[in-house]
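Reading through the structure tokens given below for one structure.
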Amino acid sequence: MPGFADYSIPKQNDDFSSLEQHIEDLTQEKFSLQRDLDASRALAESLASENSSMTDTYNQQRSIVNQLKDDMEKLNQQIQAQMVVHGAIRDHQHWMQAVEYDEHEVQRCRSSDRQIMDIADLLPNSAHYYCLVDASWKKDNEEGGIGWSLHSK
192 MPGFADYSIP KQNDDFSSLE QHIEDLTQEK FSLQRDLDAS RALAESLASE
242 NSSMTDTYNQ QRSIVNQLKD DMEKLNQQIQ AQMVVHGAIR DHQHWMQAVE
292 YDEHEVQRCR SSDRQIMDIA DLLPNSAHYY CLVDASWKKD NEEGGIGWSL
342 HSK
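This note's numbering puts the first residue of the sequence shown at 192, with every later residue one more than the last.
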């Protein structure tokens, strides 16, 4: 008659084989997960490095763009200053032409020994010209200055 030990040994062998197989499966799964984890870490490091590089590039480009904006603003201010100077020169030339014209009128009046009674006689066409002098013009983003202009009506 087979004893209790005889029946339990094959069952124990089956249980042991099953347990060994389960341990082997878990070991393989562990190694697979470890490889996946290592690959994920390598990818994360690569992405972090690329992100850092892109951030540095962006910061350099932003610095260059900001410098270009500053340069453009300075050039714009220089252009505005030159435009004011050119306008002042043009206005001065108009003023000098008007003064020269008025001097010719004075000389004409003197040469004819005509007595000048009124400023209107001195400047017969004064109704056609007027001069504006303004020292108060100033925009919020500009410097003020003195401006004059001679206009014909």
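C-beta atoms are modelled at their ideal positions from N, C-alpha and C, and glycine is treated no differently.
Fair warning: this is a prediction, and the values are worked out from it, not measured in the lab.
- In this structure, the alpha-carbon of His-283 lies about 16 Å from that of Ala-272.
- Rounded to the nearest whole angstrom, the C-alpha separation of Gln-268 and Asn-250 is 27 Å.
- Here the alpha carbon of Ile-255 sits roughly 21 Å from the alpha carbon of Glu-241.
- If you draw a straight line from the Cα of Asp-261 to the Cα of Ala-239, it is about 33 Å long.
- Rounded to the nearest whole angstrom, the C-alpha separation of Glu-215 and Thr-248 is 49 Å.
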